[in-house]
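Residue numbers (the working numbering): 18 to 79. Glycine residues also receive a C-beta, built at the ideal position from the N, C-alpha and C atoms. What you are looking at is a predicted structure, and each value in this text was computed from that prediction instead of being measured. Written out below as structure tokens is the structure these notes cover.
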């Protein structure tokens, strides 16, 4: 049995930010936390953006 792979989910802003000339759109991303569906058990309404830019932002804030 193989381990499930973690898919890379990026917000629209971070996806666009990967293109040349649009790097500043990473700053517009607000998808930094998973948002659960109310009254559900582990079902997510919105997944957090898994872009590496969020890691850098949280380290800079410390």
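Cβ of residue i within 7 angstroms of any chain D Cβ
| i | result |
| --- | --- |
| residue 25 | The question asks about chain D, but that chain is absent: this structure has only one protein chain. |
Span separating the alpha-carbon of residue i from that of residue j
| i | j | result |
| --- | --- | --- |
| residue 37 | residue 44 | 15 angstroms |
| residue 56 | residue 62 | 11 angstroms |
| residue 60 | residue 54 | 6 angstroms |
| residue 39 | residue 29 | 12 angstroms |
| residue 51 | residue 64 | 5 angstroms |
Close Cβ partners of residue i (< 7 angstroms) along its chain, the five nearest in sequence each way excluded
| i | result |
| --- | --- |
| residue 31 | 43, 46, 66, 68, 70 |
| residue 25 | 67 |
Bridge partners - residue i, DSSP secondary structure assignment
| i | result |
| --- | --- |
| residue 55 | Beta-bridge pairing links residue 55 to no other residue. |
Chain-order list of residues whose beta-carbon lies under 6 angstroms from that of residue i (same chain, five-residue window excluded)
| i | result |
| --- | --- |
| residue 33 | 39, 42 |
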